[in-house]
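So the sequence shown is numbered by my numbering: it starts at 315 and just counts up by one. Built from N, CA and C at the ideal position, the CB exists for glycine as well. Working notes, structure below.
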Amino acid sequence: MQKFTTFTSIAIPLKRANIDTDAIIPKQFLKSIKRSGFGANLFDEWRYLDHGEIGMDNSKRPLNMDFVLNQPKYQNAKILLVLKNFGCGSSREHAPWALKDYGFKTIIAPSFADIFYNNCFKNGILPIVQNNNVMDELFSSTDKITINLDAQSININNKNYPFEIDIERKTHLINGLDDISLTLQYINDIKAFEKHYFNKYDWL
């Protein structure tokens, strides 16, 4: 997992509440357990005017230009602004996979569904909870936003908004540690245990 560093980006304002994981990545695209390749179908039913199926050439599909992700000024944005209860519905991990594959590094919302929130951290995405007053200010601004995880701050137009995060999760993101990386930190201890265990129980 890549280390999470301070970055600056415009934010995409997707002003909807209760966006579920089937809207984030529709069920027909869940035929792979690879973590890449889902970004092209992120919010598929809202981004395109036709019905999408796996294997289609998205470059030939009609875009819904009213949907905010398709508007030229928001291309290459790394921050997504949404309303409450983002990521509700099924527990599919494909949802954060699709958001990350599209290019999002941070999602800011008044609240998240629990499983989705936890899955974001496991996949290198920083979900930030902010109250409705701050969200209103972020939604009303068109300036670039700087996310500083180390300082736990959102900076926009020289104004800082602090945010809370569990210290362990913060450390994992900053150091790029996912569950596998965390386990591999103890690889020598694991090998030593296996050697001792199989010497002691050599019939196994």
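Review point. Is it the case that the Cβ atoms of Leu496 and Thr319 are separated by a distance below 9 Å?
Key: For the purposes of this step, residue 496 is taken as the residue at position 182 of the sequence shown. For the purposes of this step, residue 319 is taken as the residue at position 5 of the sequence shown. Result no, Cβ atoms of Leu496 and Thr319 do not sit closer than 9 Å.
Exercise for review: Using alpha carbons as the reference points, say which of Pro424, Pro441, Asp428 lies closest to Lys414.
Suggested key: What you label residue 414 is simply residue 100 of the sequence shown in a count that begins at 1. Taking only the C-alpha atoms, the option nearest Lys414 is Pro441.
**Study point:** Inter-residue spacing [alpha-carbon to alpha-carbon] between Leu498 and His486
**Key:** Reading the sequence shown from its first residue, position 184 is the one you call residue 498. Reading the sequence shown from its first residue, position 172 is the one you call residue 486. So the alpha carbons of these two residues sit roughly 14 Å apart.
**Study point:** Distance CB(Trp360)-CB(Leu383) smaller than 9 Å
**Key:** Here residue 360 is taken as the residue at index 46 of the sequence shown, counted from 1. Here residue 383 is taken as the residue at index 69 of the sequence shown, counted from 1. Contact: yes.
Review point. Ser454: which of Ala465, Ile461, Val443, Ile470 sits nearest, CA to CA?
Key: In the sequence shown, the residue the question calls residue 454 occupies position 140. Ranking the options by Cα distance to Ser454, first place goes to Ile470.
Exercise for review: Please name the residue or residues paired with Lys473 in a DSSP beta bridge.
Suggested key: By one-based count along the sequence shown, residue 473 stands at place 159. For Lys473, which the question treats as bridged, DSSP gives the partners Ile470.
Exercise for review: Could you please give the first and the last residue of the uninterrupted beta strand (DSSP E) stretch that includes Ala423?
Suggested key: Counting from 1 along the sequence shown, the entry for residue 423 is found at position 109. Ala423 -> beta strand (DSSP E) spans 420 to 423.
Exercise for review: Kindly indicate the opening and closing residues of the alpha helix (DSSP H) around Ile393.
Suggested key: To locate residue 393, count along the sequence shown from 1; it is residue 79. That residue, Ile393, is in no alpha helix (DSSP H); its beta strand (DSSP E) goes 393 to 395.
Review point. Which term fits Asn355, buried or exposed, when burial requires 16 or more other beta carbons within 10 angstroms of its beta carbon?
Key: Translated into the one-based positions of the sequence shown, residue 355 becomes position 41. With 16 or more other Cβ atoms within 10 Å, it is buried.
Check your understanding: Opposite Ile326 in the DSSP bridges: which residues?
Key -> The count along the sequence shown starts at 1 and reaches residue 326 at position 12. BP columns for Ile326 point to Leu394.
Review point. Do you know offhand how far Cys434's Cα is from Trp517's?
Key: Sequence index remark: in the sequence shown, residue 434 carries index 120 (1-based). Sequence index remark: in the sequence shown, residue 517 carries index 203 (1-based). Taking the straight line joining both Cα atoms gives about 43 Å.
Exercise for review: Pair every Cβ in the region 415 to 426 with every Cβ in the region 360 to 371, then say whether three or more of these pairs are closer than 8 Å.
Suggested key: no
Review point. Since Cys519 and Asp334 are thought to touch, with beta carbons under 8 Å apart, how far apart are those beta carbons, to the nearest angstrom?
Key: Nothing about residue 519 can be reported from this structure: the residues present for the chain run from 315 to 518 only.
**Study point:** Beta bridge counterpart(s) of Asn443 as assigned by DSSP
**Key:** Numbered from its first residue, the sequence shown carries residue 443 at position 129. Position check: residue 443 holds Val in this sequence, whereas Asn was assumed. The partner list for Val443 (beta bridge, DSSP) reads Ala423.
Exercise for review: Within 10 angstroms of the Cβ of His510, are there 16 or more other Cβ atoms? Answer buried if so, exposed if not.
Suggested key: In the sequence shown, the residue the question calls residue 510 occupies position 196. Classification for His510: exposed.
**Study point:** Residue range of the unbroken beta strand (DSSP E) whose run includes Asn462
**Key:** As a first step, residue 462 must be located in the sequence shown, where it is residue number 148. Segment 459 to 462, the beta strand (DSSP E) holding Asn462.
Check your understanding: DSSP state of Tyr362, grouped into three classes?
Key -> In the sequence shown, residue 362 corresponds to position 48, counting from 1. Residue state, collapsed to three classes: strand.
Exercise for review: Classify Met379 as buried or exposed, calling it buried when 16 or more other Cβ atoms lie within 10 Å of its own Cβ.
Suggested key: The count along the sequence shown starts at 1 and reaches residue 379 at position 65. Exposed, by the Cβ-count rule.
Point to revise | DSSP bridge partner residues for Leu377 (one or two, in chain order) | key: Along the sequence shown, one-based indexing puts residue 377 at 63. According to DSSP, which records beta bridges pairwise, Leu377 is partnered with Tyr362.
Review point. With 9 Å set as the bound, which would you pick, yes or no: does the beta-carbon of Glu359 sit closer than that to a beta-carbon of chain C?
Key: No chain C appears in the structure shown, which is made up of a single protein chain.
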